[in-house]
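Chemist: Pasting a structure here, questions to come.
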Amino acid sequence: MLIKEKLPPLFNFDALPEPTYTGNGLTDQDVISVSQFDTERLDYIFSRAGEMRELVERVGSTDLLRGRVLACLFYEPSTRTSASFISAMERLGGGVIPITQGVQFSSVSKGETLADTIRTLEQFSDVIVLRHPTVGSAQVAADYAAIPVINAGDGPGEHPTQALLDLFTIKEELGRINGLKIAMVGDLRYGRTVHSLTRLLTQYDVSLRFVSPEILRLPLTIMNQVIDAGIDVRETHDVADVIKNADVLYVTRVQKERFTDLAQYEEVKNHYEITPELMAIAKQDMVVMHPLPRVGEIHYAVDDDPRAAYFRQVRNGMYIRMALLAAVLGKA
Amino acid sequence: MLIKEKLPPLFNFDALPEPTYTGNGLTDQDVISVSQFDTERLDYIFSRAGEMRELVERVGSTDLLRGRVLACLFYEPSTRTSASFISAMERLGGGVIPITQGVQFSSVSKGETLADTIRTLEQFSDVIVLRHPTVGSAQVAADYAAIPVINAGDGPGEHPTQALLDLFTIKEELGRINGLKIAMVGDLRYGRTVHSLTRLLTQYDVSLRFVSPEILRLPLTIMNQVIDAGIDVRETHDVADVIKNADVLYVTRVQKERFTDLAQYEEVKNHYEITPELMAIAKQDMVVMHPLPRVGEIHYAVDDDPRAAYFRQVRNGMYIRMALLAAVLGKA
Amino acid sequence: MLIKEKLPPLFNFDALPEPTYTGNGLTDQDVISVSQFDTERLDYIFSRAGEMRELVERVGSTDLLRGRVLACLFYEPSTRTSASFISAMERLGGGVIPITQGVQFSSVSKGETLADTIRTLEQFSDVIVLRHPTVGSAQVAADYAAIPVINAGDGPGEHPTQALLDLFTIKEELGRINGLKIAMVGDLRYGRTVHSLTRLLTQYDVSLRFVSPEILRLPLTIMNQVIDAGIDVRETHDVADVIKNADVLYVTRVQKERFTDLAQYEEVKNHYEITPELMAIAKQDMVVMHPLPRVGEIHYAVDDDPRAAYFRQVRNGMYIRMALLAAVLGKA
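If you read the sequences in order, they're chains A, B and C.
The working numbering applies: residue -16 is where the first sequence begins, and numbers increase by one.
The working numbering applies: residue -16 is where the second sequence begins, and numbers increase by one.
The working numbering applies: residue -16 is where the third sequence begins, and numbers increase by one.
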């Protein structure tokens, strides 16, 4: 039996809160590249991320993004990154559409262009986080979407939220960025986290040390950016050369697959493993970082060392993503 | 150390809100087929969907379905439909159990009957949305479930929420349904969205034009329903025949796989592609719709035409599903 | 344009609720094994689970765990168990990170140790529910995590929340546990639910009957625990031997794969199927339980019998998990 008379209205909008927006320079913006972040904007995001930490530690969550929905679209699985964004959005009181596994088998992607998939998902959501294997895909998505797109990794391209959380971790752990001696260790050629973090660091007064096998040295273009920025920089083949003076040791994996000559791999790999013995000669107030996952390049015995910052680094990712989500949605 | 004395109660139910229910003819009902929707009920759902649009545009979400949980059970992936339902439920303040990928590998489905899976999930949830590859499965689920089941596509059977959002889109775009000239284009034989929408339209005073290759003509049974309803109807092989007078162009894909003679496919396919040239001779206040995903049957240059309604159509799906969820849960 | 002056704070913590914690003996504890549960703790959890039932039936959900996030990490799919935990957490007002499908393909697990995955996820969440194919993995996870870990099945090891919900169901259905005659039927050798429930029951004054084919008899170690507890116990090969006197019939599946001699399987299988004929000679106030999924070992015609408790048993799982989540997070 249907109601025949005029329906009484379901919602009384006078009683519902009206959203208010404030300017932060990121409202309604996409987050595609670290090149969008000058030191002023970095200060802003780090300040907000600090507030998010306090929020989570004190009460766990807020209603700040109530009524907002995040579409979390991962064309390749990354549990760490997607879990970080999902938790960030939930702690901000927003909703999540998790499309984090098997998207490659779905009718949305089967024969459908990325542009159409994005324009479909933006109908349901207020912000899209995209992980895609192709360089430039995040920018394509942003070009088509009317809502903010956050790049959560576009293949060998960029992964800006990782670089932000890396830099935030340095600042949180050591209280400053300027004046630090930072060593990057491992695969400096292919590691996009190293490239992005290095580009952010060229805006600061730091010393950089790059430690890698010969075939995995930092690419020319990024090395030249470092030199052009007037940074004190040096390359070496052995982590032992830098361990004594480093304030930060940013470790990445030297992948066996990169070597055509396995004998060469076996010969060099021990020069890049962080052991308790190496830590014994490092400074007492330095930090060891790693984007994770690790597969042996930091010895498990190092985990209990208070200087091992890699799990705190993971947590900082949640705070940075909370700050970014709030910022692009005009709520921070 | 366990508490030994009598436990103080965890909840003070006097302080908790008691749910209130109102009648709308859909409370506690399943949504299985378009045949459940007469014009009165359609008016009701479209009215509520309009309120949902206003809610989302003004504040994003509500607490209307707080305390209610949706089990979203997809035996085959459909990111568009599942994302639409998930966002709908979250914007209504309810919870979601997303079982949208890989359900075919799970212990729930391995050897377990659909009836048992449904009777399991209804223990955790208040409404079930089911996508299943088998015709009739939604009715089977509804027969076993004590809670409402919404059919999100049962193979070649029905997909009623798609038909509702299609019709709602026509009404929202053009302000009315009666008096319109509506052309369906493409695969009219296998396209279930065409069949369901056509069946809904037979309740209105419309003109219908069916444009398809000979081998993909509308099935006899549906054509006869149209004729029996006294609808002004005509079939043709070329979209150019109908483009000038159409108020609505509902486009679906002509799939190569349907042709045994590929030469025949190559010969006909251009007659069904919507191009800017075709749009140039169409009415200024007509709309182009498509259930998506599209693979070339609407030229990308048409996307910027204000008459291209297919992404707005996607968004309407969220409003319709919000209205349906609220209705079957007795909250609208 | 970035804000240059000092940022106004985003949150006023004075206005936000401070969490309060009360002792229940489970706060901040892991739930790994049934051996953690003495009768006092069982009484406590069952009491809280009863309150959760009332909550769900009356209003659906609460804010009790607002601000808390559950990481639901399933290395093998189990829709029933993961859906139960997800619904439990959502009804408690908390957030969920669902990692329930395809985790084996993700970068988190690829080459990463379980310890590292756990220490990563605990950065985002307040409690971890783990399903893993390897015995002992839940304890490993608990050893590394600073937050509570709940074992949702570690291969042939334990599945304590299943045993708790089984025992809770007996108590809810029959009003007591002491004095009951409980028969376990089917695969008693490999069925971990039978082992765990049996171990819990040795704390009560019950009679136990074990009904199985010879090759699927209860393992020696568990049988000895039963005998040592002074329980009235007996083994038999035919359910007909126990049906008349049983207060509880706990049925599990006799799997064809367990038999090397298929003729032997065909010969015995009918002795373990629960039929309406068998039910006709059972007590009027007995209950039939099953951990599900079933594949024929309980005839579908039994489903309408009010003594068929297996779907109510599923629902009890949600209440038990709500009680456990609230307890380990210090909120019950």
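C-beta: ideal position from N, C-alpha, C; glycine also.
Because the structure is a prediction, the values reported are computed rather than measured.
Can a CB atom of chain A be found closer than 8 Å to the CB of C/E59?
Modeler: No, because no Cβ of chain A sits closer than 8 Å to the Cβ of C/E59.
Chemist: Taking only three categories from DSSP, how would you classify A/S16?
Modeler: If DSSP states are grouped into helix, strand and coil, A/S16 belongs with coil.
Chemist: Who are the neighbours of C/A323 on chain A, taking C-beta pairs under 9 Å?
Modeler: The requested residue 323 of chain C does not occur in the structure, where chain C is confined to residues -16 to 315.
Chemist: Going by beta carbon distance, what residues of the same chain come within less than 6 Å of A/D215, once the five residues before and after it are set aside?
Modeler: Correct list, in chain order: S190.
Chemist: What span of residues does the beta strand (DSSP E) with A/M377 cover, start to end?
Modeler: Nothing can be reported for residue 377 of chain A, as the shown portion of chain A is limited to -16 through 315.
Chemist: Since A/L307 contacts A/I133 with CB under 8 Å, what's their CB separation in whole angstroms?
Modeler: About 6 Å separates the two Cβ atoms, so the contact holds.
Chemist: At 9 Å on the CB atoms, spell out the chain C contacts of B/P(-8), in chain order.
Modeler: Simply E34.
Chemist: Check distances from the C-beta atoms of the stretch 124 to 142 of chain B to those of chain A and list, in chain order, the residues that come in under 8 Å.
Modeler: Per Cβ criterion, the list is empty.
Chemist: Between A/S65, A/G169, A/P139 and A/L150, which has its C-alpha nearest A/E256's C-alpha?
Modeler: Nearest option by C-alpha distance: A/G169.
Chemist: Helix, strand or coil: how does DSSP classify B/A318 here?
Modeler: Missing from the structure shown is residue 318 of chain B; chain B here goes from -16 to 315 and no further.
Chemist: Do the stretch 176 to 186 of chain A and the stretch 49 to 63 of chain A meet, that is, are 3 or more Cβ pairs less than 8 Å apart?
Modeler: With a cut-off of 8 Å, the stretch 49 to 63 of chain A and the stretch 176 to 186 of chain A do not count as touching, because too few Cβ pairs lie within range.
Chemist: Keeping to the same chain, check which residues put their C-beta closer than 7 Å to that of C/T325; ignore five residues upstream and five downstream.
Modeler: Past the edges of chain C, shown from -16 to 315, lies residue 325 of chain C, and the structure says nothing about it.
Chemist: Ignore the nearest five residues each way along the sequence and tell me which others in C/E1's own chain have a CB closer than 7 Å to its CB.
Modeler: Because C/E1 carries a pLDDT of 46, less than 50, the predicted location of this residue cannot be relied on, and no value is offered for it.
Chemist: For the stretch 264 to 271 of chain C against the stretch 31 to 38 of chain C, are there 3 or more C-beta pairs whose distance is under 8 Å?
Modeler: The stretch 264 to 271 of chain C is not in contact with the stretch 31 to 38 of chain C.
Chemist: So, is C/V118 buried or exposed, given that buried needs 16 or more other C-beta atoms within 10 angstroms?
Modeler: Answer is exposed; the Cβ neighbour count stays below 16.
Chemist: I want to verify the contact list: residues of chain D whose CB lies under 8 Å from the CB of A/E95, in sequence order.
Modeler: You won't find chain D in this structure, because its protein chains are A, B and C.
Chemist: So, does the stretch 158 to 165 of chain A touch the stretch 126 to 140 of chain A, judging by three or more C-beta pairs under 8 Å?
Modeler: No: fewer than three Cβ pairs fall under 8 Å.
Chemist: Mind checking C/I303: buried by the 16 CB within 10 Å criterion, or exposed?
Modeler: Its Cβ being crowded by 16 or more others within 10 Å, C/I303 is buried.
Chemist: What beta strand (DSSP E) runs, 3 residues minimum, are completely inside the stretch 252 to 288 of chain C?
Modeler: Fully enclosed beta strand (DSSP E) runs of 3 or longer: 270 to 272.
Chemist: Whole angstroms is fine: what's the gap from C/T219's alpha carbon to C/A124's?
Modeler: Taking the straight line from one Cα to the other gives about 39 Å.
Chemist: Using a Cβ cut-off of 8 Å (strictly closer), state whether C/Q122 contacts chain A.
Modeler: C/Q122 does not count as touching chain A.
Chemist: B/T322: buried (16+ other C-beta within 10 angstroms of its C-beta) or exposed?
Modeler: Any answer about residue 322 of chain B is impossible in this case: the structure gives chain B only from -16 up to 315.
Chemist: What are the residues that DSSP puts in a beta bridge with B/R217?
Modeler: Bridge partners of B/R217: B/R192.
Chemist: Let me see if you follow: with CB-CB separation under 8 Å, is A/N(-5) close to chain B or not?
Modeler: Judged by the 8 Å Cβ criterion, A/N(-5) is not in contact with chain B.
Chemist: What is the rounded straight-line gap between the Cα of B/T22 and the Cα of B/E156?
Modeler: If you take the alpha carbons of B/T22 and B/E156, they lie about 18 Å apart.
Chemist: Does C/R24 get closer than 8 Å to chain A when you measure Cβ to Cβ?
Modeler: C/R24 does not count as touching chain A.
Chemist: Report, in whole angstroms, the separation of the C-beta atoms of C/M301 and C/S18, which I expect to be a contact under 8 Å.
Modeler: Their Cβ separation, rounded to whole angstroms, is 24 Å, which puts C/M301 and C/S18 out of contact at 8 Å.
Chemist: Thinking A/T103 and B/L275 are a contact (beta carbons under 8 Å), I'd like their distance in whole angstroms, please.
Modeler: Confirmed, Cβ separation roughly 6 Å.
Chemist: Assign B/D46 to buried or exposed, taking buried as 16 or more other Cβ atoms, counted over all protein chains shown, within 10 Å of its Cβ.
Modeler: By the 10 Å Cβ count, B/D46 comes out exposed.
Chemist: Looking at the C-beta of B/S44, does it have a partner C-beta in chain C at a distance below 8 Å?
Modeler: Closer than 8 Å: no.
Chemist: Over what stretch of residues does the beta strand (DSSP E) that includes A/H321 continue unbroken?
Modeler: With chain A covering -16 to 315 only, the question about residue 321 of chain A has no answer from this structure.
Chemist: As a quick exercise: from B/E40, B/Q296, B/A54 and B/V297, pick the residue whose alpha carbon is nearest that of B/R114.
Modeler: Nearest option by C-alpha distance: B/A54.
Chemist: Quick check: the Cα distance between C/S16 and C/L147, rounded to an integer number of angstroms?
Modeler: Cα-Cα distance, rounded: 10 Å.
Chemist: Consult DSSP for B/A54 and reduce its assignment to one of helix, strand or coil.
Modeler: The answer is strand: DSSP assigns B/A54 an E or B state.
Chemist: List, in order along the chain, the chain C residues whose C-beta lies closer than 7 Å to that of B/L75?
Modeler: Near B/L75 there are no residues of chain C at all, since even the closest Cβ is about 13 Å away, more than 7 Å.
Chemist: In the DSSP assignment, find the alpha helix (DSSP H) that holds C/G33 and state where it starts and stops.
Modeler: T22 to R41 is the extent of the alpha helix (DSSP H) around C/G33.
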